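So in UniProt numbering, the last spot in the sequence shown is 285, and the numbers never skip.
Read the structure below first, then the notes.
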Amino acid sequence: METSDATLIDRARSGDRRALDELLTRHQRRVYRFGLKMCRDPEDAKDILQETLLAAARTVKDFRGASSVSTWMYTIARSFCIKKRRRSKFAPAEETSLDQREPGAEARQVADPGRTPDESLAGRQVEQALETAIGRLDPMYREVLVLRDVEGLSAPEVAEVMGLSVEAVKSRLHRARVAVREALVPLLGIPEAPAAPAAPAPAAGPDVTCPDIVQLFSRHLEGEISANVCADMEKHLAGCPACQSRCDSLQRTLALCKAAPMPEVPAKVQASVRQAIKKFVELHS
Numbered sequence: 001m002e003t004s005d006a007t008l009i010d011r012a013r014s015g016d017r018r019a020l021d022e023l024l025t026r027h028q029r030r031v032y033r034f035g036l037k038m039c040r041d042p043e044d045a046k047d048i049l050q051e052t053l054l055a056a057a058r059t060v061k062d063f064r065g066a067s068s069v070s071t072w073m074y075t076i077a078r079s080f081c082i083k084k085r086r087r088s089k090f091a092p093a094e095e096t097s098l099d100q101r102e103p104g105a106e107a108r109q110v111a112d113p114g115r116t117p118d119e120s121l122a123g124r125q126v127e128q129a130l131e132t133a134i135g136r137l138d139p140m141y142r143e144v145l146v147l148r149d150v151e152g153l154s155a156p157e158v159a160e161v162m163g164l165s166v167e168a169v170k171s172r173l174h175r176a177r178v179a180v181r182e183a184l185v186p187l188l189g190i191p192e193a194p195a196a197p198a199a200p201a202p203a204a205g206p207d208v209t210c211p212d213i214v215q216l217f218s219r220h221l222e223g224e225i226s227a228n229v230c231a232d233m234e235k236h237l238a239g240c241p242a243c244q245s246r247c248d249s250l251q252r253t254l255a256l257c258k259a260a261p262m263p264e265v266p267a268k269v270q271a272s273v274r275q276a277i278k279k280f281v282e283l284h285s
């Protein structure tokens, strides 16, 4: 059986270098992926990884287990990402507000009109569209989406990493999900039916229109709506193909986020990190 993070942490805090190596190796690919998605540059991501793992090695004796190891690692990585982003050539020229971006623009930029939706899904095109859509989010929205939907942290864990309330995390998360879904719609192969016309309103009553179903469904996935509201939503979806297709496309988008490939850490980077940690351990043993 695989040794738990908690056991490795305890051993590493006691000076067990092998346990420390195993712990850092276990988490390095996720940290590297986080750095790639946040910094959008492989060289910056390599720096983030090295700095994060070395910082973890330096402070492992201070780790008291109040949070998970992954949350601790992402918190360290995020601090270095912020510093790197302030100096990066990629920030913030290509980032646009969620209020200003045209829905679907990123996917149309990479779409190949000669391929069918099924062929697009099978290839690199959709992955690239997802990368582009995530990369164009403002950093405050990109962080929550990457941590929650790519790295798989819970909303409270994301809140801990970012120093926000859970409510603030969820608010940003819903907006980020909507934006990325809109960017991928042209390539998902899920037809978006036209919205049904409003039902005739009773005398002096309000028009009956579709709710903001994508936002509502995202909130449902985070457990934010009541059972009654959920039942009303399901009833609406059963009779509204347009809203059902929007929910389907959101589910497909989140599945693509979850399936984001785990990058291999370059051998040279691993060697450099191990050498730096070895020097640190020797100096403090």
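C-beta atoms are modelled at their ideal positions from N, C-alpha and C, and glycine is treated no differently.
Since the model is a prediction, treat every value here as computed from it, not as a measurement.
Check: What is the DSSP secondary structure of E224, reduced to helix, strand or coil?; Outcome: coil
Check: Along the chain, which unbroken stretches of the alpha helix (DSSP H) at least 4 residues long are found entirely within the segment 140-191?; Outcome: 155-162, 166-184
Check: Would the beta-carbon of I48 fall within 7 Å of that of G65?; Outcome: no
Check: Look at the alpha carbon of L237 and the alpha carbon of D212, and state the distance between them as a whole number of angstroms.; Outcome: 12 Å
Check: Answer yes or no: do R181 and L250 have a C-beta to C-beta separation smaller than 7 Å?; Outcome: yes
Check: Should C210 go down as buried or exposed, given a rule of 16 or more other Cβ atoms within 10 Å for buried?; Outcome: exposed
Check: Quick check: G273 and Y32, are their CB atoms within less than 7 Å of each other?; Outcome: Position check: residue 273 holds Val in this sequence, whereas Gly was assumed. No, the Cβ-Cβ distance between V273 and Y32 is not below 7 Å.
Check: Taking C-beta to C-beta, are A159 and V166 nearer than 7 Å?; Outcome: yes
Check: So V60 and A12 are supposed to be a Cβ contact under 8 Å. How far apart are they, rounded?; Outcome: 5 Å
Check: Just how far apart, CA to CA, sit C243 and V146?; Outcome: 25 Å
Check: Hey, would you say E43 sits closer than 7 Å to F80, going by beta carbons?; Outcome: no
Check: Closest by CA to E234, which one among F217, E224, R58, E222?; Outcome: F217
Check: In the DSSP assignment, find the alpha helix (DSSP H) that holds M1 and state where it starts and stops.; Outcome: From DSSP, M1 is part of no alpha helix (DSSP H); its letter is neither H nor E.
Check: Taking the straight line between their C-alpha atoms, what separation do you get for Q125 and D21?; Outcome: 37 Å
Check: In or out: M73 buried (at least 16 other Cβ within 10 Å) or exposed?; Outcome: buried
Check: Using a Cβ-Cβ cutoff of less than 7 Å, which residues in the same chain neighbour S67 once the five nearest sequence positions on both sides are dropped?; Outcome: E160
Check: Quick check on this structure: which residue in I9, L8, D16 has the alpha carbon closest to the alpha carbon of H284?; Outcome: D16
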